[in-house]
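Residue numbers (this note's numbering), protein chains in the order written: chain E, 656 to 816; chain W, 656 to 816. Have a look at the structure below before the remarks.
Number of protein chains: 2
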Amino acid sequence: MNPRAIQEDYPDDMSHCYGCGRLNPDGLQLKSRRDGEEMVARFRPKPGHTSMPGFVYGGLLASLVDCHGMAVATDAALRARPERGIERFVTAALEVTYVHPTPLGVELEIRGKIEELGERKAVVSARILADGVECVRGRVVGVRVPGTMSRPATGGASNPE
Amino acid sequence: MNPRAIQEDYPDDMSHCYGCGRLNPDGLQLKSRRDGEEMVARFRPKPGHTSMPGFVYGGLLASLVDCHGMAVATDAALRARPERGIERFVTAALEVTYVHPTPLGVELEIRGKIEELGERKAVVSARILADGVECVRGRVVGVRVPGTMSRPATGGASNPE
Numbered sequence: 656m657n658p659r660a661i662q663e664d665y666p667d668d669m670s671h672c673y674g675c676g677r678l679n680p681d682g683l684q685l686k687s688r689r690d691g692e693e694m695v696a697r698f699r700p701k702p703g704h705t706s707m708p709g710f711v712y713g714g715l716l717a718s719l720v721d722c723h724g725m726a727v728a729t730d731a732a733l734r735a736r737p738e739r740g741i742e743r744f745v746t747a748a749l750e751v752t753y754v755h756p757t758p759l760g761v762e763l764e765i766r767g768k769i770e771e772l773g774e775r776k777a778v779v780s781a782r783i784l785a786d787g788v789e790c791v792r793g794r795v796v797g798v799r800v801p802g803t804m805s806r807p808a809t810g811g812a813s814n815p816e
Numbered sequence: 656m657n658p659r660a661i662q663e664d665y666p667d668d669m670s671h672c673y674g675c676g677r678l679n680p681d682g683l684q685l686k687s688r689r690d691g692e693e694m695v696a697r698f699r700p701k702p703g704h705t706s707m708p709g710f711v712y713g714g715l716l717a718s719l720v721d722c723h724g725m726a727v728a729t730d731a732a733l734r735a736r737p738e739r740g741i742e743r744f745v746t747a748a749l750e751v752t753y754v755h756p757t758p759l760g761v762e763l764e765i766r767g768k769i770e771e772l773g774e775r776k777a778v779v780s781a782r783i784l785a786d787g788v789e790c791v792r793g794r795v796v797g798v799r800v801p802g803t804m805s806r807p808a809t810g811g812a813s814n815p816e
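Next comes the structure, spelled out in structure tokens:
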């Protein structure tokens, strides 16, 4: 596995994300690393990340799918066109299926791979495993970030859509 | 609008949820109230609930859809069969479409309504508005909670599937 997480290479203005931003001290700080044709992240939910007692909150699991999915999209775009550097994707659609209750108290493994990569959008499939059991399946559609979500560079022109 | 939120009537073992549990001090404590044929919740994200700077994290928005959706399902089941009291639903599937970037710094309105209610499952549609602009659309499938997710009552028999 690549020891370096792609989030470590996100530029600062992509690094405030609650799910995966290295500059967000209150967030989840998810880290996604390449492992062959997939990317992998590991995350141990906190005791408060509860749904029913003993099980992980579905909104947290959706968040892990979301951020890991965007990491997969960013990584795929970077490998396809390394000369462009890190490109920004935002989530356009998120589908999560809870196939098995996810137990609290174990480290989760989030795996994702790119399914489609186009000029405008990327589609990623993901799954979350607890002790090797697949608990969650997900699909994320990301789009390259529109100009209205970018802040203009210091001294630069604004960048409307 | 009904002044009482349905989460206030959830039994204790449904009330630890990170998204809407009144007994989870670290959680979001979402409250969903009946307003005609819909249910409504209001939530103001914290500054740390960021995606790109200035916009709300998609995982949080998915969480709001999830918990509000289950509140709508619970409310619909209670109205259909009040003699059963509050029934437990868990999320089986969650679909979220981000139709417009959601600005940080405003109170969000989450609206949901029941689309289908069967013996085993419920389907809910939801949307999130910021300053009246629809930013998120969601669909949640809930199932009545299987026995393996319930803890046996004190002194009672276990409740396997």
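The C-beta atom is built at its ideal place from N, Cα and C for all residues, glycine as well. No experiment lies behind these values; they were computed from the predicted model shown.
Measure the CB-CB distance between residue i and residue j and report whether it falls below 7 Å.
i: Ala726 (chain W); j: Val798 (chain W); result: no
i: Leu719 (chain E); j: His704 (chain E); result: no
i: Asp721 (chain E); j: Gly713 (chain W); result: yes
i: Val800 (chain W); j: Val779 (chain W); result: no
i: Leu685 (chain W); j: Gly674 (chain W); result: yes
i: Leu749 (chain W); j: Ala735 (chain E); result: no
i: Ser670 (chain W); j: Leu683 (chain W); result: no
Let me see if you follow: with CB-CB separation under 7 Å, is residue i close to chain E or not?
i: Tyr665 (chain W); result: no
i: Thr729 (chain W); result: no
i: His704 (chain W); result: yes
i: Ala717 (chain W); result: yes
i: Val798 (chain W); result: no
i: Gly713 (chain W); result: yes
i: Pro708 (chain W); result: yes
Compare the Cα-Cα distances from residue i to each of the options and report the closest residue.
i: His723 (chain W); options: W:Pro680, W:Pro702 and W:Val695; result: W:Val695
i: Ser687 (chain E); options: E:Leu784, E:Pro700, E:Ala660 and E:His671; result: E:Ala660
i: Gly691 (chain W); options: W:Val800, W:Cys675, W:Leu685 and W:Ile769; result: W:Ile769
i: Thr752 (chain E); options: E:Arg792, E:Leu772 and E:Gly740; result: E:Arg792
i: Val656 (chain E); options: E:Pro737, E:Arg689 and E:Arg743; result: According to the sequence as given, residue 656 (chain E) is Met; it is not Val. Answer by Cα proximity: E:Arg689.
i: Lys776 (chain E); options: E:Met707, E:Gly787 and E:Val745; result: E:Val745
i: Cys790 (chain E); options: E:Val711, E:Glu771 and E:Met669; result: E:Val711
i: Ala785 (chain E); options: E:Cys672, E:Glu693, E:Phe698 and E:Pro708; result: E:Phe698
i: Ala781 (chain E); options: E:Pro658, E:Leu733 and E:Glu693; result: E:Glu693
i: Leu772 (chain W); options: W:Leu733, W:Pro702 and W:Gly709; result: W:Leu733
i: Lys701 (chain E); options: W:Arg739, W:Cys672 and W:Glu738; result: W:Cys672
i: Met707 (chain W); options: E:Arg739, E:Arg743, E:Glu738 and E:Gly709; result: E:Arg743
i: Glu774 (chain E); options: E:Ile783, E:Gly787 and E:Arg739; result: E:Arg739
Using a beta-carbon distance below 7 Å, is residue i in contact with chain W?
i: Pro658 (chain E); result: no
i: Pro700 (chain E); result: no
i: Asp721 (chain E); result: yes
i: Ile661 (chain E); result: no
Taking 6 Å as the cut-off, is the CB of residue i close to at least one heavy atom of the ligand MG?
i: Arg794 (chain E); result: With respect to the ligand MG, the structure shown offers nothing to examine, as it has no ligands at all.
Does the region 750 to 760 of chain E come within contact of the region 753 to 766 of chain W, defined as at least 3 CB pairs closer than 8 Å?
no
Would you list, in chain order, the members of the region 746 to 762 of chain E that have their beta-carbon closer than 8 Å to a beta-carbon of chain W?
Thr746, Ala747, Ala748, Leu749, Glu750, Val751, Thr752, Tyr753 and Pro756
Can at least three beta-carbon pairs, one atom from the region 728 to 742 of chain W and one from the region 659 to 674 of chain W, be found at a separation below 8 Å?
yes
Contact set between the region 670 to 687 of chain W and chain E, restricted to residues whose Cβ is under 9 Å from the partner:
His671, Cys672, Tyr673, Gly674, Gly676, Asn679, Pro680, Asp681, Gly682 and Leu683
If you measure beta-carbon to beta-carbon, which residues of the region 760 to 780 of chain W are closer than 8 Å to chain E?
none
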